[in-house]
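A short worksheet on the structure shown next.
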Amino acid sequence: MHIIEIILEGFKSYAQRTVIKDFDPQFNAITGLNGSGKSNIMDSILFGLGMTKEWDLLRVQNVKELIYKSGHAGITKAEVSIRFDNKDKSMSPMGYENCEQIVVTRQVTQDKSKYFVNGVKEQQNKVKNMFRSVQLNIDNPHFYVGQGRITKIINLKSQELIAMLEETAGTALYNEKKKESQKIMQKKEDKLNEINDLIEKDIKPQIEKLRREREQYLLWKSQETELIRLTKLLKSYEFYKVQKRLDERKSNLANNQNYLTQLNDDKTLRNTEKNQIEKKLEECKRLFNSNADRQFQNVEKKLNEQKKQVAKQMNDEKNRKKRISDIQSEINNLEQQVQENKSAKDRAENKLQIYQQYLQEFEQSLKDKIEQQDEAQLNMEQMKKGQISNDDAKNQILKSISEANNHLLQSKNTIKSIDDQIRYLEREIQKNQDNLQNAQGENQAKEKQMQILQKEVGELEEEINSSNFNEIRMNELREELRKLENSGMQISHQISQFTTGQNWIFKLQFRDPESGFDRSRVRGRVFTLFEQKDDKFLKALESGAGGKLQQIVVDSEITSKLLLQRRCFDFHCTFIPNNKITNFQPNPQVIQFANQAARNHGGFAIPAHEAINFSEMNRNSMLYVFGGFIICSSAEIAKEIANNPQRNLRYRCVTLEGDIFDTQGLLSGGYMNSNNMVLSRYQELRRLQKDQYDIRNQQKRIEDEYDQMKQDLDYYNGLRADLESKSKKLEYLNNSVKRVSGQRYEDQIETQKIKIEDLKEQRKRTEILCQQHEKEIQELKKDNENFSSNQNIKDVYTKKLKNLKNDIQMLKQKIVQQKQDISQQEVEKDQSEKNKSKIEKNLEKEKQNLIMEKSQLEVDQGSLKSYQDTLKELQKQYESLEKEKFKFDKDLNNYQSSLSKIVEELKKIEEDIKKNEQKVHKMNAEIKSYSENLQNLEKNFTWIPEHKQYFGQPGTDFDYSNNFDYNKLSGKYSDLKIDQDKLSKKVNFKVEAMSDNVEKKFLNLKDKREKLQQDKLNLETNMDELDKKRQITLEKCYMSVNKNFGEIFSDLLPNAFAKLNIVDQNDISNGLELSVKLGKAWRTSLSELSGGQRSLLALSFVLSLLLYKPAPFYILDEVDAALDLSHTENIGHMISNRFPQSQFLIISHKDGMYQNANVLFKTSIVDGNSKIDRFQFQSKQKKKKLTADNQK
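FYI, full-length UniProt numbering numbers position 79 of the sequence shown as 79, with every residue one higher than the one before it.
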């Protein structure tokens, strides 16, 4: 078998299809420039033979580099086909003896590799085994001597050299077989130890244990016979008693069924009566609703409006009366102001008259003084001229004294007249005071009555103002009550719809399992026991909890068991015992990861139980329902948590839209209709219930206020009547007091007092004048005396002139002052006149207002009377309709009472029917139970049907009359049963079968142990034989290789010899060493050799190995790189002579190798692709010529 053709396409540097054909069966040489692709031909052969892992031998790092330019030049695959000559059947691979030629093709792409043998696709292992059968082991390619391998062989250690020898001799397979046999032996040894342990530690103790168990089994068997006897006696008695109870229940059942028929007849009769009353009730409601109720509502509406109008008119009347009273007070005040201004004017006029009189007196006195001054001056001048004598002067003085006396007398008369006037005025004042006292005495009693009435009126007004009654508010309350009743009815209707049809789950109804049962032990359905913290969690909670929302929470498993046993619910239900249920909640690591994931996505992730509020006593149940999932704000967060790479941190998640992300990778969700969601509907029901509760509270509050208002109505009406009566009486007294008023006397007394004051002031001034006249008379008399004493007349006149000047000056001042006073009084008089005129105008205006208000009051009173009359008429109509409504209500109440009575009777009948049905049901159940019990007894104890006719019969084995004590026998049976049960727990009922099985198992193990021991002995024998064969084969191979090694080395290097030395003469497998003899001296170390010598030595060793078991062909890649021309020629000559049966493919750059080759292939590079040319040597002359051409 040798290579005759190689086809390359896309392999390394051979981009195009290249056919290398007509290989020489013996010696082929390949040459060419570096990088021209000569080594790629050798690589293609290794590649075609199936090399896959040792890419360094092919000088690439991966399969991609085998393709031309790594696939970057548009070529995507590499293909190598090798054609072998297979005519020599002795060298043919196994299975291909009938093939003249064998074509092996290998295609490789960047990710796939295919093999074809003669066009048929084959597996890689089959291809390798085919070549391995003809000494071409690609996994250990000793037929390939690559670049650098020669150098490596020189440096190999002794163990590595012997390994090469063993590979050549084929004993490496012996080593593998030995290792496999050692492994099998170890397994056999382990199995043998296991069997021994099993026999000693398991089988033998089991045999002893089964012996003891057999003794217990025999004891159990004897007791079981006694139990069977007692069982027959007791079960027959139970059958006898159950049969008697069954007969009694059947009798009672017939009686109860008759009574139940009677109750159903009564129920039918009552339903007929109920339907008749309901028709009458509906007819009554229809009549009332169609006419009376509408009329009643209209009258009630008008009455309320009329009451509002009356209240408004009464309020207007009250306000108008108050305005009239205020105007009257203002008029009185203005009249008083007019009187005061009139009095002030009169006082000013009186003062003005007095001041004018004073002014006239002062002016007259001034005139007199001036005349006296002029006269005195004249007398003074006449005296100087001597025209007047002392007597004349004296006569003048006496005349002045006489005039002064006259003035004094006149002033005194004036004082006397003033005193008479004062006394007259004082008498008038006394008279007016008496009249005033009489008038005051007459009004004192009336004023006391007015004070009392005013106090009472004030108290009544204060009490009315502070009263809680408000007629408008009362009407508003009545209207609010009507609206609330309508709203309440609508909400009640809506709530009733929530407890019927598909919403029956919102009304949890069940029967008490026992008397005095605490219904709080049933806590309710899950969805009623919590409130979501935010409505946005609604869909997530609904989707995550699912059907658990409708499960019923109870306090304990005892309650759930009791409710199920007594069939207290009329529907299928699932209970959650709060004390036993297993709750769930995510661990802290899961929560931490969920929070981190939520933060990364800008959302939130919270455990579902943290999104709701619930009672702490229901915590276990809530965690069971909501602890198993996390609510996430988005699908991304939910997906990240549910699909966590760490399985222990995964958790079930639900989004706000209700999409569920399961930890198994399942996603469920979709559109959720809120109208079909339990939580949404229950939330709506709770809202309606809250509204109903608020309406009822509001209705109760308004009804309480309305009832209180009705209670205050009579009291309020009484207060208003008292107020009106006393107000009229007070007005009458006030008018009466005004008619008998003492104001006139008071005004007269005040005027008279003012006049007295003015007279007193005038008298005071007159007294001053008198004093002045008396002083003047005194001075005149003194002057007269001076004349009598002959005093100088000049001095007298001089002094008189001086005095007169002073008096004139003083009088002028008084006149000026008096004129100022007169002017002031005139101003005051004018001001009083203006004020009086202004006040009189205001008074007239207020009087006109008073007349208008009184007129309007009369109109208002007329309107009020008209409204009150209308109100009375409407009240009469309202009372009449109310009586009619009362009659309707009475009829309705009678019908409803009759209906309620019948309904109550029906309810009682239905309860009796239900109780009797329950009794019948219970009896049927008991009859069924007793029948089933009897059937079960007959079924479980097959001897009963045959002997039941003798049960309870005297003289039989089943006679229960004489000394039969069921309890005693039951106790004996129970004790024996307990002992038997205890024994049964210890007894092995399969002891006999187990004994046989253990015995068989023991014998089987003994057989296995003997077989394993024999197998172990056989393996040891085989291993010894293999070791002997290996040693013989290895020694044989050593002898042949050592001989060829020396001869080949002598051929390659004349006058030299080499051999293989055994390191340990006792065992060749311990290693080999290379020894060299150059001339006559053996070299102790290979380092003493030159590079060429060492290469020849390694090449000789390799060729000697190849020669021992020749392969179909050999590949040598530049093995002559370190040799000179003569040695290269020797290698070529030696190959030609010593390997005639094998084909050689040698890559070399030296012509010494070409001289011995039969065919030469020359590679070159053309346009980036490798190209190869073939040359056939016919003679040595042509070889030398071609060699010379190559050298040129």
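Beta carbons: idealized from backbone N, C-alpha and C, even for Gly.
Cβ neighbours of residue i in the same chain (closer than 8 angstroms, five flanking residues each side left out)
| i | result |
| --- | --- |
| Asp758 | Arg347, Asn350, Lys351 and Ile354 |
| Leu1019 | Ser181, Ile184, Met185 and Lys188 |
| Lys267 | Leu906, Ile909, Glu910 and Ile913 |
| Pro205 | none |
| Trp1082 | Ser1075 and Val1076 |
| Leu227 | Tyr973, Leu976, Lys977 and Gln980 |
C-alpha distance - residue i paired with residue j, whole-angstrom precision
| i | j | result |
| --- | --- | --- |
| Asn790 | His407 | Reliability of the predicted coordinates at Asn790 is poor, the pLDDT of 44 falling under 50, and the value obtained from them is presented with this limitation in mind. If you take the alpha carbons of Asn790 and His407, they lie about 28 angstroms apart. |
| His1127 | Asn1169 | 34 angstroms |
| Phe1117 | Ser39 | The question names Phe, yet the displayed sequence has Asp at residue 1117. Between Asp1117 and Ser39, the C-alpha separation is close to 7 angstroms. |
| Thr18 | Phe1161 | 13 angstroms |
| Gln377 | Lys836 | 54 angstroms |
| Ile702 | Leu481 | 7 angstroms |
| Glu5 | Gln646 | 59 angstroms |
| Gln444 | Lys726 | 19 angstroms |
| Asp139 | Met51 | 7 angstroms |
| Gly10 | Asn125 | 24 angstroms |
| Met1023 | Arg132 | 25 angstroms |
| Pro93 | Ser1142 | 15 angstroms |
| Leu562 | Lys209 | 46 angstroms |
| Gln1181 | Cys1037 | For Gln1181, the predicted structure reports a pLDDT of 48, less than 50, and the residue's modelled location is therefore unreliable. A value from the coordinates is still provided. Distance between the alpha carbons of Gln1181 and Cys1037: 40 angstroms. |
| Asp714 | Glu844 | 44 angstroms |
| Ala993 | Glu999 | 10 angstroms |
| Gly1152 | Lys152 | 24 angstroms |
| Ile558 | Phe517 | 13 angstroms |
| Lys321 | Leu857 | 7 angstroms |
| Leu409 | Gln433 | 36 angstroms |
| Gln708 | Leu477 | 11 angstroms |
| Ser113 | Gln107 | 6 angstroms |
| Asn405 | Ile756 | 28 angstroms |
| Glu456 | Lys700 | 37 angstroms |
| Arg720 | Asp316 | 15 angstroms |
C-beta contact flag for residue i and residue j at 8 angstroms
| i | j | result |
| --- | --- | --- |
| Asn583 | Val554 | no |
| Ile1131 | Asp1120 | yes |
| Glu917 | Leu260 | yes |
| Leu541 | Ile612 | yes |
| Met1 | Val134 | yes |
| Ile3 | Phe116 | no |
| Val1102 | Ser158 | no |
| Phe593 | Ser633 | no |
| His601 | Met622 | no |
| Ala1058 | Phe1045 | yes |
| Val310 | Tyr867 | yes |
| Ala1157 | Phe1139 | no |
Nonlocal neighbours in the same chain, by C-beta distance under 6 angstroms from residue i, ignoring five residues either side
| i | result |
| --- | --- |
| Lys1171 | Ser1164 |
| Gln752 | Leu425, Glu428 and Ile429 |
| Val522 | Val554 |
| Tyr240 | Phe951 and Gly952 |
Close Cβ partners of residue i (< 7 angstroms) along its chain, the five nearest in sequence each way excluded
| i | result |
| --- | --- |
| Ser832 | Asn341, Ala344, Lys345 and Ala348 |
| Ser961 | Pro954 |
| Gln101 | Arg83, Phe84, Asp85 and Asn86 |
| Met91 | Met1, Val134 and Pro1112 |
Within-8 angstroms CB hit, residue i to chain D
| i | result |
| --- | --- |
| Ala598 | Of the chains in the structure shown, none is chain D; there is only one protein chain. |
Cβ distance (whole Å) where residue i is taken to contact residue j below 8 angstroms
| i | j | result |
| --- | --- | --- |
| Ile630 | Pro586 | 6 angstroms |
| Arg286 | Tyr930 | About 57 angstroms separates the two Cβ atoms, so there is no contact after all. |
>> Please give the ranges of any alpha helix (DSSP H) in the region 263–326, keeping only runs that are unbroken, at least 4 residues long and fully inside the region.
In response: none
>> So within the region 1126–1160, which uninterrupted alpha helix (DSSP H) runs reach at least 4 residues, ignoring any that extend past its ends?
In response: 1151–1154
> Counting only runs that start and end within the region 917–1000, where is the alpha helix (DSSP H) found for 4 or more residues in a row?
Replying inline: 944–947 and 966–986
> In chain order, which alpha helix (DSSP H) runs of at least 4 residues are fully inside the region 528–582?
Replying inline: 538–545 and 557–565
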